[in-house]
Amino acid sequence: MKKRLVVIGNGMAGMRTVEELLSAAPNKYDITVFGAEPYGNYNRIMLSSVLCGEKTIEDIVINNRQWYIDNGITLYAGEDKTAVRIDRKNKKVYAQDGTFAGYDRLLIATGSKAVAPTIPGNGLEGVISFRDIVDVNKMLAYSRSHNKAVVLGGGLLGLEAANGLVSRGMDVTVVHSNEILLNRQMDRAAAKMLQTELEQRGLKFKMAAKLKQLSGDEQGHVTTVSFEDGSRLECDLFVAAIGVRPNIELAHEAGIYCERGIVVNDTLQSYDPSIYAVGECIQHRGATFGLVAPLFEQAKVCANHLSAHGAAEYITLPTATKLKVTGINLFSIGDFQGDVNSESVHFTDPALGIYKKLVIKANKLIGAVLYGDTADGGWYQELLEKEDTITGIRDVLIFGKVYATSA
Numbered sequence: 185m186k187k188r189l190v191v192i193g194n195g196m197a198g199m200r201t202v203e204e205l206l207s208a209a210p211n212k213y214d215i216t217v218f219g220a221e222p223y224g225n226y227n228r229i230m231l232s233s234v235l236c237g238e239k240t241i242e243d244i245v246i247n248n249r250q251w252y253i254d255n256g257i258t259l260y261a262g263e264d265k266t267a268v269r270i271d272r273k274n275k276k277v278y279a280q281d282g283t284f285a286g287y288d289r290l291l292i293a294t295g296s297k298a299v300a301p302t303i304p305g306n307g308l309e310g311v312i313s314f315r316d317i318v319d320v321n322k323m324l325a326y327s328r329s330h331n332k333a334v335v336l337g338g339g340l341l342g343l344e345a346a347n348g349l350v351s352r353g354m355d356v357t358v359v360h361s362n363e364i365l366l367n368r369q370m371d372r373a374a375a376k377m378l379q380t381e382l383e384q385r386g387l388k389f390k391m392a393a394k395l396k397q398l399s400g401d402e403q404g405h406v407t408t409v410s411f412e413d414g415s416r417l418e419c420d421l422f423v424a425a426i427g428v429r430p431n432i433e434l435a436h437e438a439g440i441y442c443e444r445g446i447v448v449n450d451t452l453q454s455y456d457p458s459i460y461a462v463g464e465c466i467q468h469r470g471a472t473f474g475l476v477a478p479l480f481e482q483a484k485v486c487a488n489h490l491s492a493h494g495a496a497e498y499i500t501l502p503t504a505t506k507l508k509v510t511g512i513n514l515f516s517i518g519d520f521q522g523d524v525n526s527e528s529v530h531f532t533d534p535a536l537g538i539y540k541k542l543v544i545k546a547n548k549l550i551g552a553v554l555y556g557d558t559a560d561g562g563w564y565q566e567l568l569e570k571e572d573t574i575t576g577i578r579d580v581l582i583f584g585k586v587y588a589t590s591a
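First residue of the sequence shown: 185, per my numbering; consecutive thereafter.
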């Protein structure tokens with residue numbers, strides 16, 4: 185008889201694991217999936233492309249409902265099918281409406297949830313996060329009926345949301361607590377070039393800003409954003425994009441060991457040997473995850489063990505950063521700031537809008553920032569991951585792979 189696999193979470197990490205598992209051991213499990221959203225599996229990282237009009241919701245669906253039927257997967261999807269309890273003693277998962285499924289193996293892929301600003305007024309109408317299809321549909325509706333938007337957060341998600349809203353005709357101001365955009369991925373020089381280019385597209389910025397409160401009208405709808413310096417911004421739509429945190433409440437309530445995320449070993453197994461976890465909800469060797477590349481690698485390793493092939497180990501590699509805004513090319517990886525024992529090599533061409541910075545330590549590349557010309561990003565990432573020595577090409581490394589290898 186087939187074993188029973190239950191998957192909690194119908195997102196990219198969980199379903200990539202299922203895809204890998206179907207490929208490795210197609211007849212090993214009867215699979216049941218619980219998803220909180222009433223859809224098949226979709227590409228969450230492409231929501232910004234839907235917002236700015238480059239794609240539709242249909243374009244970003246990875247697996248439609250027919251795919252689940254074709255693969256014999258039972259899908260429980262929608263708010264009432266949200267998993268609310270894991271009974272580890274009897275190995276059952278219960279949904280909000282009482283639906284339940286028994287498991288021999290359980291895969292938790294509950295993802296993460298948006299961090300809400302802890303300020304007065306964060307419960308007003310018109311205050312949303314940028315996380316799922318519902319949020320995108322709200323933003324699209326506001327763009328048709330309102331004018332002024334404020335986006336809190338100058339990180340990847342915030343800039344993608346802001347770019348989408350300005351492309352829909354809204355007056356958008358990005359509020360960032362740091363004086364450098366993408367301060368976790370960019371150095372000051374590259375961030376300044378990015379800000380200038382986004383300003384040319386119509387975006388406004390309020391940098392190094394401290395939020396004080398949100399105010400609303402008599403109907404309880406947001407109207408004003410106030411700051412500690414006494415300044416104010418009119419606001420019809422307030423989008424919070426200040427990060428995410430692992431969604432671990434369900435696992436924690438079931439007594440599964442968690443710290444910042446569900447703690448897993450190198451096989452993506454939790455402290456309960458019948459329960460695995462992947463994606464943004466996990467913590468592996470102290471790290472949590474927010475980009476898609478490590479999630480897909482986790483899926484591959486986890487499927488390897490669920491299929492009982494049992495040879496793979498998950499290793500966290502440096503992950504490259506890219507901004508999903510058409511016409512803007514940036515790439516960042518590794519330790520792009522360096523320290524007293526490292527050295528930096530720069531190349532700048534202001535006329536072409538190109539900036540490159542490589543950080544070198546002990547004759548190895550440890551970090552890179554590219555803006556404007558990112559063609560060699562993949563090569564730099566390869567050098568960094570393999571920890572290859574750059575002796576012999578160090579002097580020409582900044583000019584890219586073609587030049588360095590021919591030289």
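Glycine included, C-beta positions come from ideal geometry on N, C-alpha and C.
query                                                                                                                                                                                      : result
Just the Cα atoms here: how many angstroms apart are residue 459 and residue 403?                                                                                                          : 47 Å
Considering only residues of the region 193 to 239, which uninterrupted alpha helix (DSSP H) runs meet the minimum length of 4 residues and lie entirely inside it, listed in chain order? : 196 to 208 and 231 to 235
Determine the DSSP secondary structure at residue 258, reduced to helix, strand or coil.                                                                                                   : strand
Helix or strand or just coil, what does DSSP make of residue 590?                                                                                                                          : helix
To the nearest angstrom, how far is it from the Cα of residue 193 to the Cα of residue 218?                                                                                                : 6 Å
Under the rule that 16 or more other beta-carbon atoms within 10 Å means buried, what is residue 366, buried or exposed?                                                                   : buried
Under 8 Å, do residue 419 and residue 296 count as touching if we go by C-beta distance?                                                                                                   : no
Within 8 Å of any Cβ in chain C, is that where the Cβ of residue 578 sits?                                                                                                                 : This model lacks chain C altogether, as it is built from one protein chain only.
Checking the sheet assignment: what are the DSSP bridge partners for residue 191?                                                                                                          : 217 and 291
Taking the straight line between their C-alpha atoms, what separation do you get for residue 488 and residue 190?                                                                          : 16 Å
When DSSP labels each residue in this structure, what does residue 458 get in the three-state scheme?                                                                                      : coil
Kindly indicate the opening and closing residues of the alpha helix (DSSP H) around residue 564.                                                                                           : 561 to 570
Hey, how far is the Cα of residue 235 from the Cα of residue 381?                                                                                                                          : 20 Å
Taking the alpha carbon of residue 198 as the point to measure from, which residue in 350, 228, 185 and 212 has its own alpha carbon closest?                                              : 228
Output the distance between the C-alpha atoms of residue 495 and residue 215, rounded to the nearest integer angstrom.                                                                     : 22 Å
Quick one: what's got a C-beta closer than 7 Å to residue 314's C-beta in the same chain, skipping five residues either side?                                                              : 341, 345, 423 and 425
Output needed for residue 284: all residues of its chain with C-beta closer than 7 Å, excluding positions within five of it in sequence on either side, in chain order.                    : 276, 277 and 278
In terms of DSSP beta bridges, what is residue 278 paired with?                                                                                                                            : 269 and 284
Would you list, in sequence order, the uninterrupted alpha helix (DSSP H) runs of no fewer than 4 residues that lie entirely inside the region 472 to 497?                                 : 476 to 490
Look at residue 490 and residue 343 and say whether their C-beta atoms are less than 8 Å apart.                                                                                            : no
Residue range of the alpha helix (DSSP H) that residue 379 falls in?                                                                                                                       : 372 to 384
Determine the direct distance from the alpha carbon of residue 461 to that of residue 478, and round the result to whole angstroms.                                                        : 13 Å
Over what stretch of residues does the alpha helix (DSSP H) that includes residue 555 continue unbroken?                                                                                   : First-last for residue 555: 548 to 555, but that is the beta strand (DSSP E), not the alpha helix (DSSP H).
Helix, strand or coil: how does DSSP classify residue 412 here?                                                                                                                            : coil
In three-state DSSP terms, what is residue 330?                                                                                                                                            : coil
Taking DSSP's pairing of strands, which residues face residue 533 in a bridge?                                                                                                             : 538
Return yes when the Cβ of residue 325 is within less than 8 Å of the Cβ of residue 266, no when it is not.                                                                                 : no
For residue 442, list the residues DSSP reports as bridge partners.                                                                                                                        : 446
Can you tell me whether residue 349 is buried or exposed? The criterion is at least 16 other CB atoms within 10 Å of its CB, across all chains shown.                                      : buried
Would you mind sorting residue 559 into buried or exposed? The rule is 16 or more other CB atoms within 10 Å of its CB.                                                                    : exposed
Using DSSP's beta-bridge definition, name the partner residues of residue 247.                                                                                                             : 225
Here's a check: name, in chain order, each residue in its chain whose Cβ is nearer than 7 Å to the Cβ of residue 405, leaving out the five neighbours to either side.                      : 308, 309 and 310
Output needed for residue 245: all residues of its chain with C-beta closer than 7 Å, excluding positions within five of it in sequence on either side, in chain order.                    : 224 and 226
What's the call for residue 185, buried or exposed, on a 16-neighbour Cβ count within 10 Å?                                                                                                : exposed
CB-CB under 6 Å to residue 304, same chain, minus the five flanking residues each way: which ones, in chain order?                                                                         : 397
Quick one: what does DSSP say residue 309 is sitting in, helix, strand or coil?                                                                                                            : strand
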